[in-house]
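Worksheet: one structure, shown below.
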Amino acid sequence: MKVETKLFAYLCVFFAVLTLIYGFWSKWEEPIGTTALLLTMLLFLLTGFYLYVTGKALPLRPEDNITGEIDEGEGNYGYFVASSWTPLWLALAGAVMFTGLAVGWWLFIIGAFLGAVALVLWVFESFSGEYSI
């Protein structure tokens, strides 16, 4: 997890510098932007610290080994249906729901109903039909 830790540490430093620049630029009179940037920096600090502690507790991953090979990371990643249309319907239902937030609650309710149906279809598509387990 060295790469992830370094990524979040660099972003923490970047947002710390950006917070100082923004604060000096606004003469510390605008508290909302400074607070938002400070909280963003603290979010990256918290995530980087968590990844650092977790990386020390866990064994070395194949991704962290400089001389690692691709086949060292092999294994079962799960079961996925070969050709599934239900994620598309779920995404369209989500789009209808977000459009409903701007247009009206009636459209949001229709999208929520379609999303619930699509989610149930997606969960149970592996238990019947051509791709049943």
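For the working numbering, count along the sequence shown from 1 and bump the result up by 8. For glycine and all other residues, C-beta sits at the position ideal for the given N, C-alpha and C.
- Query: Whole-angstrom Cβ separation of residue 118 and residue 104, contact assumed at under 8 Å?
  - Reply: Position 110 of the sequence shown, counting from 1, holds the residue named residue 118. Position 96 of the sequence shown, counting from 1, holds the residue named residue 104. The pair is a contact, with the Cβ atoms about 6 Å apart (cut-off 8 Å).
- Task: For residue 26, I'd like the list of residues in its chain whose CB is within less than 7 Å of its CB, leaving aside the five on either flank, ordered along the chain.
- Result: As a working mapping, residue 26 is identified with position 18 in the sequence shown. Annotation for residue 26: 45 place their beta carbon closer than 7 Å to its own, counting only its chain and skipping 5 residues before and after.
- Message: Assuming residue 42 is part of the alpha helix (DSSP H), what are its boundary residues?
- Response: Looking up residue 42 in the sequence shown gives position 34. Here the alpha helix (DSSP H) through residue 42 covers 39-65.
- Find out if the Cβ-Cβ distance for the pair residue 89, residue 134 is shorter than 9 Å. Your numbering for residue 89 matches position 81 in the sequence shown. Your numbering for residue 134 matches position 126 in the sequence shown. Yes, Cβ-Cβ distance for residue 89 and residue 134 is below 9 Å.
- residue 52 vs residue 19 beta-carbon contact at 9 Å: Working through the sequence shown from its first residue, we reach residue 52 at position 44. Working through the sequence shown from its first residue, we reach residue 19 at position 11. In contact: residue 52 and residue 19 (Cβ atoms closer than 9 Å).
- Query: What did DSSP end up calling residue 29 once you bin it into helix, strand or coil?
  - Reply: Your numbering for residue 29 matches position 21 in the sequence shown. If DSSP states are grouped into helix, strand and coil, residue 29 belongs with the helices.
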